[in-house]
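First up is the structure itself, then whatever we jot down about it.
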Amino acid sequence: AGAVPPPPASQPRPRPGGGHVPGPAPPMSGNFTGITPGAAQEAGTSAYGAQQQTPSTPPHVAERDAQTRLAMLASVSRALQRERPGAGRSRRPGTGPFDVERRKRMVSAVVTQQAAVLGGDAQLMTHYVPEPILRVVTTIQRTWRRKMAMRVREQVRAARVMQAMYRGMRDRQKVALIRSGHAQGDENGRQLWWVSAHAPGSLNPQVVAAEEHERSAKAKAAAMKNEASSRQEHLVGMWMGTANLKLQAELEASEEASKPQAVKDAELQELAKQSTVSVRGGLGLPPPDPNRKKRRTKRRKARKSAGKGLPRWFIYVAYVLSFAFCAVAAFFMMLYGITFEPPVARAWLLSGSLAVMLELLVSDPVTVAGYGVVNARVSEEISKAKAKKELKRIEERNIG
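According to the UniProt record's numbering, the sequence shown is numbered sequentially starting from 1.
Given below as structure tokens:
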């Protein structure tokens with residue numbers, strides 16, 4: 001009952017060693033004054049003649065005084081935050097020297113009121129933002145708002161362009177419809193449809209639309225039926241055409257089989273002769289020599305009388321002999337390597353491998369290339385000689 005109440009949180013607390021420890025700073029409120037109802041209740045005096053509060057002061061009186069002081073401070077802050085009346089043009093708030101001075105005056109007035117309320121022991125507000133930081137933050141916010149506004153503006157512009165393109169497309173379609181109507185003999189035009197619809201003696205538009213729908217449905221059904229019938233006829237025709245072709249091919253084959261072989265050979269020879277004569281005539285060459293057949297028979301007899309080479313099956317004998325040779329060579333190589341010392345065998349195998357590689361990579365390619373060059377030159381000379389001989393024979397025939 002006789003205990004002394006603890007000091008308020010805003011007053012310094014005594015410590016055993018002497019001195020005092022400052023209490024925590026009062027919490028900041030949203031009205032930029034830094035004074036809370038608790039701090040107002042703890043305050044002892046008021047700048048506007050409020051009575052000294054004691055522990056025996058009723059709670060509702062202390063709360064009322066605190067709310068009154070807070071309302072006055074909030075009104076002072078709002079009055080200082082009002083914008084300066086413009087000179088006929090809009091300006092971004094918070095960018096001129098007047099705004100900086102206004103903030104300074106507002107802070108000084110609030111600090112003065114707080115000091116008067118708390119009896120001169122109030123501290124500066126800890127949440128006050130310095131001007132450079134506030135300027136940077138404001139610049140960032142304005143840049144972001146400007147960027148978002150530009151994005152919205154671009155979206156609106158794109159939407160307008162798309163709408164204009166769609167309107168243009170619809171207008172072009174309407175113009176094409178009107179032109180097609182004029183081309184089909186529509187004198188009134190499709191754009192004056194209400195004139196023909198409401199003309200004297202005209203039918204009800206709904207009735208006309210129903211008739212047109214029924215007519216189009218009938219036309220569509222008839223087209224589908226015609227298409228199905230035409231498709232069936234096409235399939236039947238394809239099947240019958242294939243059958244007729246097969247029958248005709250069989251008849252021709254039977255006729256060819258019934259002909260004697262001599263007649264068919266004579267017909268083929270005649271066709272070959274005619275084709276040869278026509279081709280040579282188109283190229284500007286003389287007709288074939290009738291004595292050429294006799295000379296060909298003589299060359300054929302001489303070729304038949306010449307000695308023939310080995311038969312075709314002898315190639316398998318050559319394969320067997322080649323495999324046997326390779327097997328014997330490999331056996332002797334292994335035997336040589338086993339019999340003699342490793343250095344001698346290694347040197348012999350190395351020299352043999354080197355000789356084989358030289359034969360495959362150097363000697364054989366050079367030999368083949370040389371044979372190819374010689375064969376090409378000889379073939380070219382032979383062809384030139386034949387061409388000269390044929391030309392000489394043609395000239396002699398033309399002269400004779």
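We put the beta carbon where it would ideally sit given N, CA and C, even for glycine. Keep in mind it's a predicted model, so treat the numbers as computed, not measured.
For residue j and residue i, believed in contact at Cβ under 8 Å, the rounded distance
i	j	result
Met-333	Leu-350	That pair is no contact at about 12 Å.
Gly-337	Ala-345	4 Å
Nearest-angstrom Cα separation, counted from residue j out to residue i
i	j	result
Val-366	Ala-376	15 Å
Ser-254	Gly-370	58 Å
Met-224	Met-150	57 Å
Leu-73	Glu-101	19 Å
Ser-322	Ala-329	11 Å
Leu-134	Glu-63	35 Å
Gly-352	Glu-359	11 Å
Val-374	Ile-399	37 Å
Glu-212	Ala-249	54 Å
Ala-219	Ile-178	24 Å
Phe-331	Ala-324	11 Å
Arg-397	Lys-389	12 Å
Ala-318	Pro-311	12 Å
Arg-170	Gln-184	21 Å
Trp-144	Glu-131	20 Å
Ala-347	Val-320	31 Å
Glu-381	Gly-372	14 Å
Met-357	Ser-379	32 Å
Val-152	Arg-142	15 Å
Met-148	Arg-215	57 Å
Ala-221	Gln-274	60 Å
Arg-157	Arg-167	15 Å
Glu-154	Gln-232	59 Å
Ala-217	Gly-181	22 Å
Leu-361	Pro-343	26 Å
Ala-43	Val-129	The pLDDT assigned to Ala-43 is 44, lower than 50, so where the model puts this residue is not dependable; a value taken from the coordinates is nonetheless given after this. In a straight line, the C-alpha of Ala-43 is about 26 Å away from that of Val-129.
Gln-67	Gln-163	58 Å
Ala-209	Leu-235	39 Å
Asp-364	Leu-354	14 Å
Leu-70	Ser-108	16 Å
Pro-26	Thr-139	At Pro-26 the pLDDT is 49, less than 50, meaning the model places this residue with poor confidence; the figure from the coordinates comes in the next sentence. Those two C-alpha atoms are separated by around 31 Å.
Leu-391	Asn-291	17 Å
Arg-172	Met-165	11 Å
Ile-394	Ser-383	16 Å
Any non-hydrogen atom of the ligand ADP closer than 7 Å to residue i Cβ
i	result
Glu-250	Ligands in the displayed structure: none, and consequently the ligand ADP is not present.
6 Å Cβ shell around residue i - same chain, five flanking residues per side excluded
i	result
Val-137	none
Leu-271	none
Sequence-distant residues of the same chain with beta carbon closer than 8 Å to residue i, five excluded per side
i	result
Ala-87	Confidence at Ala-87 is low in this model, with a pLDDT of 46, below 50, so the placement of that residue should be treated as unreliable; the coordinate-derived value is given next. If we look at Ala-87 and ignore the five residues flanking it on each side, it has no Cβ neighbours.
Ser-230	none
Cutoff 7 Å; reference residue i; Cβ partners in own chain excluding five residues on either side
i	result
Gln-269	none
(message) Which runs of the beta strand (DSSP E) at least 3 residues long sit entirely within the stretch 340–382? Give them in chain order.
(response) none
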